[in-house]
Amino acid sequence: MDNRNLNIEKLCWQAEDKEKYILNNISGRFKEGGFYGILGPNGSGKTSLVRHILRFIDVKHGLICLDNKDIKDYSRKELACSISFVPQNVNIDVSFTVYDIVAMGRNPYMKRFQDLSQKDRDLINHAMEVTNCAYLKDKAFSYLSGGEAQRVLVARAIAQDTKYLILDEPISHLDIRYQVELMETLKKLNEEENKTVIAILHDLNLSSAYCKEIFLMKDGKVYVEGSVKDVLTEENLKAVYDINFEIHKMKSKNSMFFIPVV
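Sequence positions in the sequence shown follow our numbering and run 1 to 262.
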């Protein structure tokens, strides 16, 4: 098993009230420094896979190793120092400012009642600059627009200063401008700071433009994984989404454009 990667071997999971396996013998590897998109229809197991990686659900069948160490052997604090997470939805108390939220990213490194160090403050400020939300630092989080709130949650994850950044449908509820801005931010983190980005996505076009590799899921399994051009083919998309697509290569960028054919 390779060091300094996130490896999954034969992961299975069945909810207590379900007969069908939600995750069925999943294996795969997320290499350090990669930009991965996890795609597939609703109910294909994308979020369940991520919840196992984050240990929100205990691994009972199979193995997940982070940097050649079973994630079961990580304390919650140790895991939070290696993997940061941006959820799809979050409920945060009205009293917290944007700065408060971003500063929460430093919690895994701090003892109880410990004040922020200069290093902590530098990382917080850097995270807000990268995500273009420094001007919002004194504003209450609950009064932000959807795009602003998402940038702040990404900033919190950046301030956490981890090698791995996992996001659950980060662009699903954003206007197209904010979708592109967020994907550009993730690209910058990946290329300039060597963050390993793993994002659950639905948009084939943006996935093609920004991801380096794709995990395409269907019925609790990884149907196919690999490079964008090898995974996002007409045949694979038809098999997974049960609909035909026209695929056009973009001349201006190294990406593809997908049109569903009804």
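Glycine included, every Cβ here is placed at the ideal spot set by N, Cα and C.
Note that the structure is a prediction, hence the values are computed from the model and not measured.
task = Look up F257 in the DSSP assignment and say whether it is helix, strand or coil.
result = DSSP, read as helix, strand or coil, puts F257 in strand.
Can you tell me whether DSSP reads T131 as helix, strand or coil? Correct three-state label for T131: coil.
May I ask you to report which of helix, strand or coil DSSP gives E192?
When DSSP states are grouped into helix, strand and coil, E192 belongs to the helix group.
>> Residues in the same chain with beta-carbon distance under 6 angstroms from I84, minus the five sequence neighbours each way, listed in chain order, please.
In response: Checking the sequence shown, residue 84 turns out to be Ser, not Ile. In the same chain as S84, and ignoring 5 residues on each side of it, the C-beta atoms closer than 6 angstroms to its own belong to A157, Q160, T162, L165, in chain order.
- Just checking my contact of T196 with E78 at CB under 8 angstroms: how many whole Å lie between their CB atoms? Taking C-beta atoms under 8 angstroms as the contact rule, T196 and E78 fail to qualify, at a distance of about 17 angstroms.
Would you call the region 109-129 and the region 139-147 in contact, with 3 or more CB pairs under 8 angstroms? Proximity of the region 109-129 to the region 139-147 falls short of the contact definition, fewer than three beta-carbon pairs being nearer than 8 angstroms.
- What are the start and end residues of the alpha helix (DSSP H) that includes I53? Note, I53: alpha helix (DSSP H), 46-53.
| request: Check whether the Cβ atoms of N205 and V224 sit closer than 7 angstroms, and answer yes or no. | output: Result no, Cβ atoms of N205 and V224 do not sit closer than 7 angstroms.
Residue environment, Y135, which counts as buried when at least 16 other CB atoms sit within 10 Å: Exposed is the call here.
Could you please give the first and the last residue of the uninterrupted beta strand (DSSP E) stretch that includes N205? Premise fails: N205 lies in the alpha helix (DSSP H), 204-210, not in any beta strand (DSSP E).
Open item on the list: Taking DSSP's pairing of strands, which residues face H126 in a bridge?
Closed with: Note: H126 sits in no beta bridge, so no partner.
Check your understanding: In or out: E192 buried (at least 16 other Cβ within 10 Å) or exposed?
Key -> Under this definition E192 is an exposed residue.
**N- and C-terminal bounds of the alpha helix (DSSP H) containing N236** = DSSP places N236 in the uninterrupted alpha helix (DSSP H) bounded by 234-241.
Check: Any contact of the region 2-11 with the region 60-76, i.e. 3+ C-beta pairs under 8 angstroms?
Finding: Judged by pairs of C-beta atoms under 8 angstroms, the region 2-11 touches the region 60-76, as three or more such pairs exist.
Exercise. Assign R29 to one of three DSSP states: helix, strand, or coil.
Key: In the structure shown, R29 sits in a strand (DSSP, three-state: E or B).
(Q) Among the candidates E16, C12, G40, whose CA atom is the shortest distance from the CA of D168? (A) Restricting attention to E16, C12, G40, the CA atom closest to the CA of D168 is found in G40.
**Q.** 4 or more residues per run - each alpha helix (DSSP H) lying fully within the region 82-116
**A.** Unbroken alpha helix (DSSP H) runs of no fewer than 4 residues, entirely contained in the region 82-116, are found at 98-103, following chain order.
Discussion item. Is it buried or exposed, A239, if we count other Cβ atoms within 10 angstroms and call 16 or more buried?
Written reply: Label assigned to A239: exposed.
* Asked: If you compare alpha carbons, which of K218, D58, Q88 is closest to H173?
  -> H173 has its Cα closest to that of Q88, out of K218, D58, Q88.
- prompt: Going by DSSP, what residues sit across from S227 in a beta bridge?
  reply: E213.
| task | Give the DSSP-derived three-state secondary structure of K72 in the structure shown. | result | Secondary structure of K72 (DSSP, three-state): helix.
Quiz item: Three or more C-beta pairs closer than 8 angstroms, one from the region 211-226 and one from the region 41-51: is that the case here?
Solution: At 8 angstroms Cβ cutoff, the stretches touch.
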